[in-house]
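The block underneath contains the structure these notes are about, expressed in structure tokens.
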Amino acid sequence: MFPQTELFPIDVDGLQTSSAIAHLLTVNKLMKNTLLRALNRITELCPVMNESHGGFGSFVDYVATFTEMTCLHLQGDERFFVRPNAQGKKLVDFLGTACNPNVERLQSKLKNVREKAKEWGKAPTCYRHEDILSILCFSSELVEVMRKQLDCIQNGEIGTEIDDEILRDMIQENIRWMSGTSDIAVLLPFILSHHDSSSCPNWPTISPEGWAELPRIVDVYADLWKIAPFHPITKKSQTLI
1 MFPQTELFPI
11 DVDGLQTSSA
21 IAHLLTVNKL
31 MKNTLLRALN
41 RITELCPVMN
51 ESHGGFGSFV
61 DYVATFTEMT
71 CLHLQGDERF
81 FVRPNAQGKK
91 LVDFLGTACN
101 PNVERLQSKL
111 KNVREKAKEW
121 GKAPTCYRHE
131 DILSILCFSS
141 ELVEVMRKQL
151 DCIQNGEIGT
161 EIDDEILRDM
171 IQENIRWMSG
181 TSDIAVLLPF
191 ILSHHDSSSC
201 PNWPTISPEG
211 WAELPRIVDV
221 YADLWKIAPF
231 HPITKKSQTL
241 I
């Protein structure tokens with residue numbers, strides 16, 4: 001059995017605090033945990049999947065979606081830590097390279113997983129769960145990159161270098177970038193279906209208009225979210241389809 005990846009602990013007070021650093025740390029952990037839950041879901045389900053399983057097509061699409069969302073997160077983090085802010089400062093300059101490691105190798109490995117998933121979609125009989133476990137062995141490297149980055153946020157000197165208001169603006173701008181760069185019909189349901197709302201009910205923040213539109217958004221790729229650990233609307237846990 002492939003080991004399940006441990007999630008990052010969440011301090012829910014970080015969402016409500018006046019400290020932009022605490023808010024950044026909490027939101028970043030929450031987003032990383034959605035990716036780790038997807039990774040755990042893949043390793044949990046891959047041994048029982050085969051070409052005759054009714055959910056096989058959705059599963060290989062789910063694997064591809066995990067790689068795309070992880071690449072998006074890595075790109076968003078790189079952008080956040082490297083781009084100059086309104087003060088003309090780059091976070092990487094005083095937090096060090098650990099906050100923004102060279103992730104090209106990780107993205108290359110994620111793309112390999114995505115290409116393999118596409119192959120399985122075209123030729124289901126070629127699927128072997130051993131293959132997916134072997135190509136996911138880089139997950140420990142991914143988690144270590146995430147952990148070092150979070151340590152930089154928590155223990156670095158952001159508070160002495162960056163004004164609190166500017167840091168909050170940076171966070172919101174990065175969220176807007178991520179929303180504008182991805183398909184909202186994938187991004188929002190992915191986050192909701194991989195977040196344990198019982199542990200942190202106030203995230204993600206969605207407007208009343210957004211909640212009204214959510215059923216339509218979820219329906220675009222409805223079969224995909226049947227694979228996820230939580231239903232994106234009811235928030236209830238889901239078992240294998």
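Take 1 as the starting number for the sequence shown in full-length UniProt numbering and just add one per residue.
Just so it is clear, CB atoms sit at the ideal spot from N, CA and C, and this is done for glycine as well.
Keep in mind it's a predicted model, so treat the numbers as computed, not measured.
Once DSSP output is grouped into helix, strand and coil, what is the label at residue i?
{"i": "phenylalanine 230", "result": "strand"}
{"i": "serine 237", "result": "strand"}
{"i": "residue 243", "result": "Residue 243 lies beyond the range of the chain shown here (1 to 241); nothing can be said about it."}
{"i": "arginine 147", "result": "helix"}
{"i": "histidine 53", "result": "coil"}
{"i": "lysine 89", "result": "coil"}
{"i": "threonine 125", "result": "helix"}
{"i": "residue 320", "result": "It is not possible to answer for residue 320, since the shown part of the chain is limited to 1 through 241."}
{"i": "aspartate 11", "result": "coil"}
{"i": "tyrosine 221", "result": "coil"}
{"i": "leucine 214", "result": "helix"}
{"i": "asparagine 202", "result": "coil"}
{"i": "glutamine 4", "result": "coil"}
{"i": "threonine 65", "result": "helix"}
{"i": "cysteine 99", "result": "helix"}
For residue i and residue j, what's the separation of their Cα atoms in angstroms?
{"i": "tryptophan 211", "j": "proline 204", "result": "11 Å"}
{"i": "alanine 22", "j": "leucine 15", "result": "7 Å"}
{"i": "aspartate 223", "j": "serine 58", "result": "6 Å"}
{"i": "phenylalanine 81", "j": "threonine 125", "result": "43 Å"}
{"i": "isoleucine 166", "j": "serine 52", "result": "53 Å"}
{"i": "phenylalanine 66", "j": "valine 60", "result": "10 Å"}
{"i": "glycine 159", "j": "glycine 55", "result": "48 Å"}
{"i": "glutamine 107", "j": "glutamate 161", "result": "30 Å"}
{"i": "phenylalanine 8", "j": "histidine 195", "result": "12 Å"}
{"i": "arginine 83", "j": "lysine 89", "result": "8 Å"}
{"i": "isoleucine 233", "j": "arginine 37", "result": "17 Å"}
{"i": "alanine 86", "j": "lysine 32", "result": "26 Å"}
{"i": "asparagine 50", "j": "tryptophan 120", "result": "10 Å"}
{"i": "asparagine 155", "j": "alanine 98", "result": "12 Å"}
{"i": "valine 63", "j": "aspartate 163", "result": "39 Å"}
{"i": "methionine 170", "j": "alanine 20", "result": "10 Å"}
{"i": "isoleucine 184", "j": "phenylalanine 230", "result": "18 Å"}
Does the beta-carbon of residue i have 16 or more other beta-carbons within 10 angstroms, so that it is buried, or is it exposed?
{"i": "valine 12", "result": "exposed"}
{"i": "glutamine 172", "result": "exposed"}
{"i": "arginine 176", "result": "exposed"}
{"i": "proline 215", "result": "exposed"}
{"i": "asparagine 28", "result": "buried"}
{"i": "valine 218", "result": "buried"}
{"i": "phenylalanine 208", "result": "According to the sequence shown, residue 208 is proline rather than phenylalanine. With fewer than 16 other Cβ atoms within 10 Å, it is exposed."}
Short check: CB of residue i to CB of residue j, under 8 Å?
{"i": "serine 139", "j": "leucine 30", "result": "no"}
{"i": "serine 182", "j": "alanine 228", "result": "no"}
{"i": "glycine 96", "j": "cysteine 152", "result": "yes"}
{"i": "leucine 25", "j": "leucine 142", "result": "no"}
{"i": "phenylalanine 190", "j": "threonine 34", "result": "yes"}
{"i": "histidine 129", "j": "cysteine 71", "result": "no"}
{"i": "leucine 133", "j": "threonine 43", "result": "yes"}
{"i": "glutamate 78", "j": "valine 113", "result": "no"}
{"i": "leucine 240", "j": "valine 48", "result": "yes"}
{"i": "phenylalanine 94", "j": "glutamate 157", "result": "yes"}
{"i": "asparagine 174", "j": "glycine 76", "result": "yes"}
{"i": "isoleucine 135", "j": "lysine 116", "result": "yes"}
{"i": "serine 199", "j": "lysine 235", "result": "no"}
Which two residues bound the contiguous alpha helix (DSSP H) that contains residue i?
{"i": "histidine 194", "result": "Segment: none, histidine 194 is in no alpha helix (DSSP H) and carries neither H nor E."}
{"i": "isoleucine 175", "result": "164 to 181"}
{"i": "isoleucine 21", "result": "20 to 45"}
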